[in-house]
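Worksheet: one structure, shown below.
Chains as they are written, first to last, in the numbering used here: chain W, 79 to 522; chain U, 18 to 252.
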């Protein structure tokens with residue numbers, strides 16, 4: 079007789095649909111009655127720049143000598159209407175992140191690092207701080223739906239103005255800075271009581287569509303005597319139409335943020351399920367610019383999960399003029415640093431996965447308003463790390479561009495790229511590697 | 018139209034708006050050119066936007082969007098109607114619309130005073146952050162939506178959803194209110210509030226024109242200041 083213990087048993091098998099993370103989320107939702115709020119960007123795997131490869135020069139193309147032949151990296155933004163366009167040494171800029179979401183030393187470090195590399199930083203929902211203006215050689219002032227801290231004096235101090243309509247992590251959504259991060263200073267800057275949840279509106283209160291946006295941009299130009307470039311930032315969802323209307327409304331520069339872009343705090347379900355990957359958004363945006371005869375006349379900045387020089391080079395090859403980084407810049411400063419592993423574990427997470435930025439207990443002192451935690455971040459050292467990182471990204475992009483025979487990063491083109499997957503080939507509009515097939519388009 | 022004797026006159030039928038605004042931006046409080054008259058505005062947008070000096074600017078006619086936008090220190094008097102967003106994001110100074118105003122009057126404004134002799138349309142004082150707005154007529158729906166600070170004083174009636182998602186702005190309405198928005202409630206009008214009204218009306222040149230005890234006061238119930246799942250139905 080065979081005993082029960084001798085019968086071979088199947089291994090426990092988790093459902094792909096109800097995987098451990100999903101089960102945990104269902105239990106958490108059932109226990110708390112509220113959706114998960116977190117910071118950062120999407121964590122699911124998405125079609126991305128890694129799905130593209132460069133075709134280095136060989137016989138049909140002629141490469142440039144690394145470390146010898148010049149490869150330009152500079153970019154001029156705002157050449158359409160602004161009397162004072164911005165000239166940056168590298169096409170890698172720092173995306174808008176608010177004082178309030180970030181600590182003051184973190185904002186200072188972003189300014190120090192960017193300035194050292196000759197690029198720009200961007201304010202955020204909390205307005206402009208003197209520290210930020212003081213440490214940023216080129217500062218873009220965001221004009222946001224909430225208009226917290228919106229001040230015409232700061233508008234005049236800025237080098238460019240970015241009208242924020244949406245961001246990649248949550249196109250169509252507003253933000254929520256929870257009460258625990260609202261210090262006296264943050265509360266004063268936002269004209270709201272300390273300790274209450276501060277909602278950032280999802281739409282501008284005094285205009286309701288592209289015709290109004292055009293008039294709003296005209297007002298901003300009039301106030302600043304047509305000197306400063308006006309950017310318009312949209313979250314990637316309908317890039318062809320949104321970019322077309324932003325250009326029609328008079329933007330000097332359009333900023334396109336893919337769904338991999340980070341946020342200070344919003345619903346996990348929003349981050350993971352609304353918007354489209356930046357890889358799929360660039361070509362429609364460029365097509366819109368080309369159809370309007372405005373490609374390279376209205377500059378395109380793309381963002382959302384940019385991590386290295388290869389990403390930079392690929393974004394530029396697809397038609398962007400510059401990129402912006404947010405999450406990667408925070409990591410360069412020290413976000414999720416393993417040196418604080420014990421503290422991350424005490425918060426129920428681990429270094430590399432910490433995303434409860436809204437709770438204000440960031441061990442790295444970056445996404446917090448707690449002065450004790452702030453003091454952990456040395457803005458000079460952190461700024462130097464960021465400058466190093468920006469330098470490496472620029473060098474990497476140059477290396478790739480030279481290999482493709484380009485004397486400037488902006489000479490990269492879609493013909494320098496192929497795709498590893500059919501999906502990425504279709505999204506990026508480049509051929510599947512080893513073929514001349516671009517899904518959805520005719521081959522040559 | 019008025020006995021005003023300007024130091025300088027701009028006729029927008031002959032001079033581009035850009036020239037007017039550029040001249041206004043260069044003017045200072047020390048200048049002899051303190052009194053400005055603007056003729057034939059014909060609904061132009063962004064007229065006198067971004068002024069930062071104690072000037073008096075009289076506009077003879079109707080203006081378009083964002084007149085006196087982000088005003089600092091100036092007195093801007095519009096002898097006509099105003100389009101969307103008059104005095105939007107004003108920081109200080111005084112803007113007086115002698116006619117009616119379109120929607121989003123005084124939107125997001127941080128300070129100063131906006132007086133409207135006629136009616137204001139929808140979303141008057143939306144996201145107001147410290148401005149005082151006095152409307153002698155009525156205001157439309159969603160007025161003072163997400164109002165953070167300052168006062169909205171309405172002699173006439175208010176439309177639907179007054180003060181929806183209100184923060185700390187103070188609302189006073191003498192006529193009827195069609196409906197109150199989320200977290201906005203009627204509150205007792207005490208002596209201190211009557212004094213507050215009297216001060217604001219005096220500053221606007223309207224003291225004695227109405228009995229302040231006729232107003233009803235509205236403010237935030239402060240129930241939605243911190244998210245709680247039990248309040249989800251209110252959002």
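C-beta: ideal position from N, C-alpha, C; glycine also.
Specify, as a first and last residue, the run of the alpha helix (DSSP H) that residue 165 (chain W) falls within.
That residue, residue 165 (chain W), is in no alpha helix (DSSP H); its beta strand (DSSP E) goes 164 to 166.
Over what stretch of residues does the alpha helix (DSSP H) that includes residue 319 (chain W) continue unbroken?
From DSSP, the alpha helix (DSSP H) with residue 319 (chain W) extends over 317 to 326.
In the stretch 208 to 228 of chain W, which residues sit with their C-beta less than 7 Å from some C-beta in chain U, listed in chain order?
So the list reads 225, 228, given in the order they occur along the chain.
Could you tell me whether the Cβ of residue 185 (chain U) comes closer than 8 Å to any Cβ of chain W?
Chain W contact via Cβ: present.
Does residue 275 (chain W) come within less than 8 Å of chain U when only Cβ atoms are used?
Interface residue, yes.
What residues of chain U sit near residue 112 (chain W), judged by a beta carbon separation below 7 Å?
Neighbours of residue 112 (chain W) on chain U, chain order: 246.
Once you ignore the five residues that flank residue 285 (chain W) on each side, which residues in its own chain have a CB closer than 8 Å to its CB?
291, 293, 294.
Among all the DSSP beta bridges, which residues are the ones paired with residue 254 (chain W)?
Note: residue 254 (chain W) sits in a beta bridge opposite W:277.
Quick check: what's the CA-CA separation for residue 516 (chain W) versus residue 146 (chain W)?
Approximately 35 Å, taken between the alpha carbons.
Taking 8 Å as the threshold (C-beta atoms), are residue 443 (chain W) and residue 194 (chain W) in contact?
No, the Cβ-Cβ distance between residue 194 (chain W) and residue 443 (chain W) is not below 8 Å.
By Cβ distance, which residues of its chain are closer than 8 Å to residue 341 (chain W), with the 5 residues on each side in sequence left out?
Cβ within range, chain order: 117, 118, 119, 245, 247, 248, 253, 349.
Suppose you measure from the CA of residue 402 (chain W) to the CA of residue 244 (chain U); what does that come to, to the nearest Å?
Cα-Cα distance, rounded: 32 Å.
Could you give the distance in angstroms between the alpha-carbon of residue 299 (chain W) and the alpha-carbon of residue 305 (chain W)?
Cα to Cα, the separation comes out at about 7 Å.
Strictly below 8 Å CB to CB, what residues from chain W border residue 127 (chain U)?
The answer, in chain order, is 228, 229, 269.
To which residues does DSSP link residue 439 (chain W) through a beta bridge?
Per DSSP, none; premise fails for residue 439 (chain W).
Rounding to the nearest angstrom, what Cα-Cα distance links residue 504 (chain W) and residue 394 (chain W) in this structure?
If I take the Cα positions, the gap works out to 18 Å.
Over the uninterrupted alpha helix (DSSP H) stretch that includes residue 113 (chain U), give me the two end residues.
That residue, residue 113 (chain U), is in no alpha helix (DSSP H); its beta strand (DSSP E) goes 111 to 114.
Let me know the secondary structure DSSP gives residue 383 (chain W) once reduced to three states.
In the structure shown, residue 383 (chain W) sits in coil (DSSP, three-state: anything other than H, G, I, E or B).
So the beta strand (DSSP E) residue 219 (chain W) belongs to, where does it begin and stop?
Unbroken beta strand (DSSP E) run through residue 219 (chain W): 217 to 221.
My parser needs the alpha helix (DSSP H) runs of 4 or more residues fully inside the stretch 419 to 503 of chain W; what are they?
Correct list: 419 to 424, 449 to 452, 457 to 481.
Please classify residue 45 (chain U): is it buried, with 16 or more other beta-carbons within 10 angstroms of its beta-carbon, or exposed?
Exposed, by the Cβ-count rule.
Do residue 143 (chain U) and residue 131 (chain U) have their C-beta atoms closer together than 8 Å?
No, these two residues do not count as a Cβ contact at 8 Å.
For residue 127 (chain W), count neighbouring Cβ atoms within 10 angstroms of its own Cβ and tell me buried if that reaches 16, exposed if not.
It counts as buried.
Check whether the Cβ atoms of residue 91 (chain U) and residue 64 (chain U) sit closer than 8 Å, and answer yes or no.
No, the pair does not count as a contact, with Cβ atoms beyond the cut-off.
Just reading off the beta strand (DSSP E) that residue 56 (chain U) is part of, what are its end residues?
52 to 56 is the extent of the beta strand (DSSP E) around residue 56 (chain U).
Going along the chain, which residues of its own chain have a beta-carbon closer than 6 Å to the beta-carbon of residue 333 (chain W), five neighbours each way excluded?
Only 309, 311, 379 meet the Cβ criterion.
Using Cβ-Cβ distances below 8 Å, what residues of the stretch 275 to 296 of chain W are close to chain U?
Answer set for the stretch 275 to 296 of chain W: 275, 277, 279, 283, 284, 285, 290, 293, 294, 296.
Roughly how many angstroms lie between the CA atoms of residue 221 (chain U) and residue 263 (chain W), to the nearest whole one?
Near 32 Å, if we compare the C-alpha coordinates of residue 263 (chain W) and residue 221 (chain U).
Does the count of Cβ pairs from the stretch 168 to 186 of chain W and the stretch 195 to 204 of chain W closer than 8 Å reach three?
The stretch 168 to 186 of chain W, when compared against the stretch 195 to 204 of chain W, does touch it at the 8 Å Cβ threshold.
Ignore the nearest five residues each way along the sequence and tell me which others in residue 52 (chain U)'s own chain have a CB closer than 6 Å to its CB.
The answer, listed in chain order, is 23, 24, 73.
Quick check: what's the CA-CA separation for residue 83 (chain U) versus residue 175 (chain U)?
Taking the straight line from one Cα to the other gives about 22 Å.
Using only the alpha-carbon positions, how far apart do residue 40 (chain U) and residue 338 (chain W) sit?
For residue 40 (chain U) and residue 338 (chain W), the distance between alpha carbons rounds to 45 Å.
May I have the straight-line CA-CA distance separating residue 522 (chain W) from residue 500 (chain W), to the nearest angstrom?
With a pLDDT of only 48 at residue 522 (chain W), under 50, the local geometry of the prediction cannot be trusted, and the value read off the model is given with reservation. Distance between the alpha carbons of residue 522 (chain W) and residue 500 (chain W) is about 17 Å.
Going by the CB atoms, is the gap between residue 160 (chain W) and residue 399 (chain W) shorter than 8 Å?
Their beta carbons are not under 8 Å apart, which means residue 399 (chain W) does not touch residue 160 (chain W) by this criterion.
In the DSSP assignment, what residue or residues form a beta bridge with residue 414 (chain W)?
Answer is none; residue 414 (chain W) lacks a bridge partner.
Under 8 Å, with one C-beta from each stretch per pair, do the stretch 185 to 197 of chain U and the stretch 226 to 234 of chain U reach the 3-pair mark?
Yes, since at least three Cβ pairs between the stretch 185 to 197 of chain U and the stretch 226 to 234 of chain U fall closer than 8 Å, the two stretches touch.
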